[in-house]
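Using the numbering used here, you'd call the opening residue of the sequence shown number 1 and step up by one each time. Quick reminder that beta carbons are idealized off the backbone N, C-alpha and C, glycines included. Everything numeric in this text was worked out from a predicted model, so none of it was measured. Accompanying notes for the structure given below.
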Amino acid sequence: MAVDILLYLGAISLLILGIVGAFLPVLPGPPLSYIGILLIHFSSKHTYSPEFLWTYGIIMVIITVADYILPSWGTKKFGGTKYGMWGAAIGLLIGLIIYAPIGIFVGPFVGAFLAELINDKTSKEALRSAFGSFLGIVFGVVLKFVFAIILLFNGIWWMIASFF
């Protein structure tokens, strides 16, 4: 029973950190949430089905990878060139290094905008491309947040149910 309580405390901590990680790029939100679910799985009170674990494990990998691709994809969808896509990716990395919480939104936007201007696009075209990058970031944050919330509620549900 003591081990279960420790596993549950660790799970709650990781599930909450998963939500925080949806907004802070220094924390890998989806993997933290998934590890929280695994801690519940390893308790003696509840075991998730292999299908559940595989499904959410695959979703976690897809969301984690998509989070890095979406800014560049958004740039492309809004008329950006490969320069804008590279600018968004480089801007994301620089934004993470310089000022993580805000840099994750500003970096890709500025990177895509500057790269498109360097590529002889008009300010309007560059701004449109940069906006696509921003939407890609926002979509990634929403995906991570929804995933974390689903796993948090699922985990809390089964932790509470295991005591009755």
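Using a Cβ-Cβ cutoff of less than 8 Å, which residues in the same chain neighbour residue i once the five nearest sequence positions on both sides are dropped?
{"i": "residue 37", "result": "11, 15, 48, 53, 56, 151, 154 and 155"}
{"i": "residue 60", "result": "30, 31, 33, 34 and 147"}
{"i": "residue 94", "result": "103, 107 and 111"}
{"i": "residue 149", "result": "19"}
Per DSSP, what kind of secondary structure is residue i in: helix, strand or coil?
{"i": "residue 9", "result": "helix"}
{"i": "residue 67", "result": "helix"}
{"i": "residue 154", "result": "helix"}
{"i": "residue 138", "result": "helix"}
{"i": "residue 45", "result": "coil"}
{"i": "residue 161", "result": "helix"}
{"i": "residue 27", "result": "coil"}
{"i": "residue 80", "result": "coil"}
{"i": "residue 55", "result": "helix"}
{"i": "residue 122", "result": "coil"}
Taking the alpha carbon of residue i as the reference point, which residue from the options has its own alpha carbon closest?
{"i": "residue 112", "options": "25, 132, 5 and 158", "result": "132"}
{"i": "residue 128", "options": "71, 79 and 2", "result": "79"}
{"i": "residue 27", "options": "159, 13 and 40", "result": "13"}
{"i": "residue 67", "options": "88, 149 and 1", "result": "88"}
{"i": "residue 41", "options": "6, 130, 121 and 21", "result": "6"}
{"i": "residue 4", "options": "19, 22 and 39", "result": "39"}
{"i": "residue 20", "options": "164, 145 and 157", "result": "145"}
Excluding the 5 residues preceding and the 5 following residue i in the sequence, name in chain order all residues of the same chain whose CB lies nearer than 7 Å to its CB.
{"i": "residue 77", "result": "132"}
{"i": "residue 73", "result": "136"}
{"i": "residue 25", "result": "96, 100 and 104"}
{"i": "residue 17", "result": "27 and 32"}
Between which residues of its own chain and residue i is the CB-CB distance below 6 Å, once the five residues before and five after are set aside?
{"i": "residue 143", "result": "63"}
{"i": "residue 90", "result": "111"}
{"i": "residue 168", "result": "The question about residue 168 has no answer, for the chain in this structure spans 1 to 164."}
{"i": "residue 162", "result": "45 and 46"}
{"i": "residue 70", "result": "136, 139 and 140"}
{"i": "residue 92", "result": "71, 107 and 108"}
{"i": "residue 130", "result": "109, 112 and 113"}
{"i": "residue 84", "result": "75, 112, 115, 116 and 129"}
{"i": "residue 58", "result": "none"}
- prompt: Are there three or more Cβ pairs, one per stretch, closer than 8 Å when the stretch 100–117 is compared with the stretch 44–56?
  reply: no
query: Pairing CB atoms from the stretch 114–126 with CB atoms from the stretch 139–151, are three or more of them under 8 Å?
result: no
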